[in-house]
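Number of protein chains: 2
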Amino acid sequence: MQKVEVCLSPELIHLFDLKGKIVVVTDILRATSCMTTGLASGVAQIKPVATLEECRVLKGQGYFTAAERNGAKVEGFDIGNSPFSYMEEKFRGKNIATTTTNGTLAITKSTHADEIIIGSFLNLSTVAKYLINTGKDVVIHCAGWKGNYSLEDTLFAGALFEKLHNDFECGDDATNSALSIYSAAKNNLLETILGSSHAKRLKKHNIRKDIELCCTIDKYDVLPYLKDGVLIEK
Amino acid sequence: MQKVEVCLSPELIHLFDLKGKIVVVTDILRATSCMTTGLASGVAQIKPVATLEECRVLKGQGYFTAAERNGAKVEGFDIGNSPFSYMEEKFRGKNIATTTTNGTLAITKSTHADEIIIGSFLNLSTVAKYLINTGKDVVIHCAGWKGNYSLEDTLFAGALFEKLHNDFECGDDATNSALSIYSAAKNNLLETILGSSHAKRLKKHNIRKDIELCCTIDKYDVLPYLKDGVLIEK
Numbered sequence: 003m004q005k006v007e008v009c010l011s012p013e014l015i016h017l018f019d020l021k022g023k024i025v026v027v028t029d030i031l032r033a034t035s036c037m038t039t040g041l042a043s044g045v046a047q048i049k050p051v052a053t054l055e056e057c058r059v060l061k062g063q064g065y066f067t068a069a070e071r072n073g074a075k076v077e078g079f080d081i082g083n084s085p086f087s088y089m090e091e092k093f094r095g096k097n098i099a100t101t102t103t104n105g106t107l108a109i110t111k112s113t114h115a116d117e118i119i120i121g122s123f124l125n126l127s128t129v130a131k132y133l134i135n136t137g138k139d140v141v142i143h144c145a146g147w148k149g150n151y152s153l154e155d156t157l158f159a160g161a162l163f164e165k166l167h168n169d170f171e172c173g174d175d176a177t178n179s180a181l182s183i184y185s186a187a188k189n190n191l192l193e194t195i196l197g198s199s200h201a202k203r204l205k206k207h208n209i210r211k212d213i214e215l216c217c218t219i220d221k222y223d224v225l226p227y228l229k230d231g232v233l234i235e236k
Numbered sequence: 003m004q005k006v007e008v009c010l011s012p013e014l015i016h017l018f019d020l021k022g023k024i025v026v027v028t029d030i031l032r033a034t035s036c037m038t039t040g041l042a043s044g045v046a047q048i049k050p051v052a053t054l055e056e057c058r059v060l061k062g063q064g065y066f067t068a069a070e071r072n073g074a075k076v077e078g079f080d081i082g083n084s085p086f087s088y089m090e091e092k093f094r095g096k097n098i099a100t101t102t103t104n105g106t107l108a109i110t111k112s113t114h115a116d117e118i119i120i121g122s123f124l125n126l127s128t129v130a131k132y133l134i135n136t137g138k139d140v141v142i143h144c145a146g147w148k149g150n151y152s153l154e155d156t157l158f159a160g161a162l163f164e165k166l167h168n169d170f171e172c173g174d175d176a177t178n179s180a181l182s183i184y185s186a187a188k189n190n191l192l193e194t195i196l197g198s199s200h201a202k203r204l205k206k207h208n209i210r211k212d213i214e215l216c217c218t219i220d221k222y223d224v225l226p227y228l229k230d231g232v233l234i235e236k
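Protein chains in written order, with the working numbering: chain B, 3 to 236; chain S, 3 to 236.
Take a look at the structure:
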């Protein structure tokens, strides 16, 4: 039977053996919600990079650029970290390089896995269907906030395990706990996430519409997949 | 208002500012349950040390010794990590040096806090009462399992926050999540903990009686308190 484990923060990922496994990276507010929205809206490729400098260099190489630090857009880049920006007409068929506080780090720390895919509430069922069909073990990697635990990413892990639990064995305590937290919250998902530390942190940036979008389940059926360092549609 | 935060693993404790705060270290299965039981049973002092070597040296200095690795007693020491061992008559008024896989590490990683106390279900209300009276902020430090998340320690964090939440502000997402997990489990605490990864790991050591004891709420009113590297009754 396939096995699911949940890594609650990039600071814990070294404790997981990723060899032969699929990692699902999730950063609900908002990096992986943006990536899902982007590819669903016709962006050709999204290249996640760790630093602002790498992102800036790619601007000169035909990429549009997206950069966020501490919840805010960084000056000098095309867009920040709002999923609505990724829907813009001008990005259709184009490439975007992106760097964010947490999400891109979780991707770069997962690269010894067999496969890396991107999960968000927006493509929840598509991710689950893909995982059930692969036959591989799964690690759900929560991006968290600056290395620490975050509620919204753990809720996604719980939602995903709820979809998988008939086909997968629960690999660790974090997986069961994520399911318990999601079960208690799922009928009030938006309100629960609006009460999270990160939503409070983002309040000054006036992004309630972003958060509502990020809490929408199965808006898209796209599966962002990392290939040669670039996210494309599987 | 005083604030509570929950650190889900010793691998995350560097992300917390412990200055001026009280850290409650918890390792339900079984280090902090043993420490609570020991002081409640008349042990004079318990000295937590990180390594087997340090523990061995103390044997020659008038200490009884307790040593556990991977759930089992280590050869050559007086006792392992069962709370029942700490009740033995011969330890009354004596000192015990102890080293365990996770619990003693969580203590040594907390030493830049203002105060360190030991929490377990066995002394839950005593710990809560002390914290409410101090006026200081609190970090509940879950010992986990080899650096990763563990259910039983998080359940304790939730139980403690349930007792504190009228007097304390919730400082982070982990605190709220711990409360949510505890609320779902508290009417079946023993069964829930018997289903945890660590209880399964310990199954071969035949310690069901230990686990039952460790899940007993408020059996003792003792408060183990770290002073000059040694746990004494406050």
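Where is the CB? At the ideal position from N, CA and C, for every residue including glycine.
In whole angstroms, what separates the C-alpha of residue i from that of residue j?
i: B:TYR184; j: S:VAL59; result: 48 Å
i: S:LYS202; j: B:ARG94; result: 51 Å
i: S:ALA130; j: S:ILE48; result: 22 Å
i: S:ASN104; j: S:GLY64; result: 25 Å
i: S:LEU17; j: B:LYS148; result: 8 Å
i: S:GLY22; j: S:GLU56; result: 29 Å
i: B:ASP80; j: B:ALA69; result: 8 Å
i: S:ALA115; j: B:LEU133; result: 43 Å
i: B:THR113; j: B:GLU90; result: 30 Å
i: S:ASP169; j: S:ASP220; result: 20 Å
i: S:LEU162; j: B:ALA33; result: 34 Å
i: S:ASP230; j: B:ASP230; result: 54 Å
i: B:LYS206; j: S:LYS61; result: 58 Å
i: B:GLU164; j: S:ILE209; result: 31 Å
Specify the secondary structure class of residue i as computed by DSSP and reduced to three states.
i: B:ASN208; result: coil
i: S:LYS202; result: helix
i: S:GLU90; result: coil
i: B:VAL129; result: helix
i: S:ASN150; result: strand
i: B:THR53; result: coil
i: B:TYR227; result: strand
i: S:GLY160; result: helix
i: B:HIS270; result: Lying before the first or after the last residue shown, residue 270 of chain B is absent from chain B, which here runs from 3 to 236.
i: S:CYS216; result: helix
i: S:GLU70; result: strand
i: S:LYS138; result: coil
i: B:THR194; result: helix
i: B:VAL27; result: strand
i: B:GLY105; result: helix
i: B:ALA186; result: helix
i: S:ASN178; result: helix
i: S:ALA46; result: coil
Which one of the options has the shortest CA to CA distance from residue i?
i: B:ILE24; options: B:LEU228, B:GLY146 and B:VAL232; result: B:LEU228
i: S:THR101; options: S:VAL51, S:GLU91 and S:ILE134; result: S:VAL51
i: B:THR128; options: B:LEU20, B:GLY82, B:ARG32 and B:TYR222; result: B:TYR222
i: S:GLY173; options: B:ASN150, B:LEU191 and B:ASP155; result: B:ASN150
i: S:VAL140; options: S:PRO12, S:LYS236, S:ASP19 and S:THR218; result: S:ASP19
i: B:THR177; options: B:ILE195, B:PHE158 and B:GLU90; result: B:PHE158
i: S:ILE234; options: S:SER182, S:SER112, S:GLU77 and S:ALA46; result: S:ALA46
i: B:ASN190; options: B:GLY78, B:GLU214, B:LYS206 and B:GLY105; result: B:GLU214
i: S:HIS200; options: S:THR53, S:CYS9, S:LEU54 and S:ARG71; result: S:ARG71
i: S:SER182; options: S:ALA69, S:CYS57 and S:THR156; result: S:THR156
i: S:THR218; options: S:LYS236, S:PRO12, S:HIS207 and S:ILE195; result: S:ILE195
i: S:CYS216; options: S:PHE86, S:THR53 and S:THR106; result: S:PHE86
i: S:GLU13; options: S:LYS111, S:ASP80 and S:LYS138; result: S:LYS111
i: B:LEU240; options: B:GLU117, B:ASN168 and B:PHE163; result: Nothing about residue 240 of chain B can be reported from this structure: the residues present for chain B run from 3 to 236 only.
i: S:MET3; options: S:GLY137, S:PHE163, S:LYS206 and S:GLU164; result: S:GLY137
i: S:ALA42; options: S:LYS96, S:LYS206 and S:GLU164; result: S:LYS96
i: B:LEU54; options: B:LEU10, B:LYS236 and B:THR106; result: B:THR106
Would the beta-carbon of residue i fall within 7 Å of that of residue j?
i: S:ILE119; j: S:VAL232; result: no
i: B:SER152; j: S:ASP175; result: yes
i: S:ALA145; j: S:ASP29; result: yes
i: B:TYR88; j: B:GLY44; result: no
i: S:ILE98; j: S:PHE66; result: yes
i: B:GLY160; j: B:ALA180; result: yes
i: S:ASN135; j: S:THR38; result: no
i: S:LEU31; j: S:GLU154; result: yes
i: B:GLY82; j: B:LYS75; result: yes
i: S:ASP212; j: S:SER122; result: no
i: S:LEU192; j: S:VAL6; result: no
i: B:VAL8; j: B:ILE109; result: no
i: S:GLY78; j: S:LEU204; result: no
Going by the DSSP bridge assignment, what does residue i pair with across the sheet?
i: B:CYS36; result: Note: B:CYS36 sits in no beta bridge, so no partner.
i: S:TYR170; result: Reading off the sequence, residue 170 of chain S comes out as Phe, not Tyr. Beta-bridge pairing links S:PHE170 to S:GLN4.
i: B:LYS75; result: B:GLU70
i: S:GLU235; result: S:PRO226
So which residues on chain C does residue i lean against when the C-beta distance must stay under 7 Å?
i: B:SER199; result: Here the protein chains are B and S, and chain C is not one of them.
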